[in-house]
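In the numbering used here, the protein residues as written are 3 to 283. To start, the structure under review is shown below, and the notes come after it.
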């Protein structure tokens, strides 16, 4: 399930391999992208930079053209040496960006659009993102300010839903939502009006700490576009890497009480928590 850390890894890997390189080939299975390529061919353009913004990945080409993709639940970017066999079938291919040495392939990507710098500013989604937790400019104070402001306007919103709101803070997904709330000792179903400033500080701090730890150099092998298995505990055993996510009915790693799960929000996302460590106040 792609979250902000997965997109960060993908952007970093793409930047290292195709960043600064000339595009020698472009393919797509999406008609709207093909039309742009027909009118303004990508071949010959330079990949100026690749960056992540929350769960969005942006590839900037010379000549003021930006490819914006979102993975949703099933999309992924892969990197292959030219001529190397793909790990997924061609029917799942949505975009191929080829340079002299590399092929960047987007599989099962549900959202892919070309923009100019100006049209991207007018986009209804990307420019309205909250601060990216993985950006160098992100601070705990800034994250708390965003939560506070949102809570003031939406006092009855559940904190578990708010943590997933990309317009408040960008990057957190369903795994980190449950893990961050647990680490901070906050019940994810509590209303924003009940959340204290100290609890907000703890959640934002854990969010930044966990996500940065999972994209740190050395947490993957070679040039990869996925961070693999996330980890929020300090356990060496990969089966014990998370506190509560997907551990419904199992013993809490802190108190021994059974972890619970309930669907939450209009998107009906699974939320995991410990009723003892995260009491409803």
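Backbone N, C-alpha and C define an ideal beta-carbon position, used for all residues, glycine too.
In the same chain as residue 101, and ignoring 5 residues on each side of it, the C-beta atoms closer than 7 Å to its own belong to 20, 23, 24, 25, 26, in chain order. Excluding residues up to 5 positions away in sequence, 30 lie with their Cβ nearer than 7 Å to the Cβ of residue 36 in the same chain.
Within the region 150–213, the runs of alpha helix (DSSP H) at least 4 residues long that lie entirely inside it are, in chain order, 161–165, 176–186.
Secondary structure of residue 68 (DSSP, three-state): strand. Fully enclosed alpha helix (DSSP H) runs of no fewer than 4 residues occupy 33–41 of the region 12–100, in order along the chain. Rounded to the nearest whole angstrom, the C-alpha separation of residue 103 and residue 80 is 14 Å. Contact between residue 245 and residue 199 is absent: CB atoms are separated by about 23 Å, not below the 8 Å threshold. Under the DSSP assignment, residue 120 falls in the alpha helix (DSSP H) whose first and last residues are 119–123. The straight-line gap separating the alpha-carbon atoms of residue 276 and residue 261 is approximately 5 Å. In terms of CA proximity to residue 87, 106 leads the group 106, 252, 46. By the neighbour-count criterion, in which a residue is buried when 16 or more other Cβ atoms sit within 10 angstroms of its Cβ, residue 125 is exposed. The alpha-carbon of residue 6 is positioned some 33 Å away from that of residue 41. For the set 83, 62, 94, 89, the Cα lying nearest the Cα of residue 76 is the one of 94.
By the criterion of a C-beta distance shorter than 8 Å, residue 160 is surrounded in its chain by 190, 191, 192, 193, 194, 266, 267, once the five residues flanking it on both sides are discounted.
Assignment of beta-bridge partners to residue 114 by DSSP yields 71. Cβ atoms of residue 255 and residue 274 stay farther apart than 8 Å, at about 12 Å. Each of 74, 39, 188, 51 was checked against the Cα of residue 58, and the nearest Cα belongs to 74.
Distance between residue 118 and residue 281, taken at the CA atoms: about 48 Å. Residue pairing from DSSP places residue 273 in a beta bridge opposite 264. Here the C-alpha atom of residue 148 lies approximately 6 Å from the C-alpha atom of residue 170. Taking the Cα of residue 98 as reference, the smallest distance to any Cα among 44, 137, 65 is reached at 44. Assignment of residue 146 by DSSP, reduced to helix, strand and coil, places it in the helix class.
Annotated three-state conformation of residue 218 is coil, per DSSP. The Cβ atoms of residue 55 and residue 151 lie no closer than 8 Å to each other. Within its own chain, the residues whose Cβ lies closer than 6 Å to the Cβ of residue 210, once the five positions on either side in sequence are excluded, are 135, listed in chain order. The beta-carbon separation of residue 10 and residue 163, rounded to 23 Å, does not stay under the 8 Å limit for a contact. Our two residues, residue 60 and residue 257, have alpha carbons roughly 43 Å apart in a direct line.
Taken through DSSP and simplified to helix, strand or coil, residue 7 comes out as helix.
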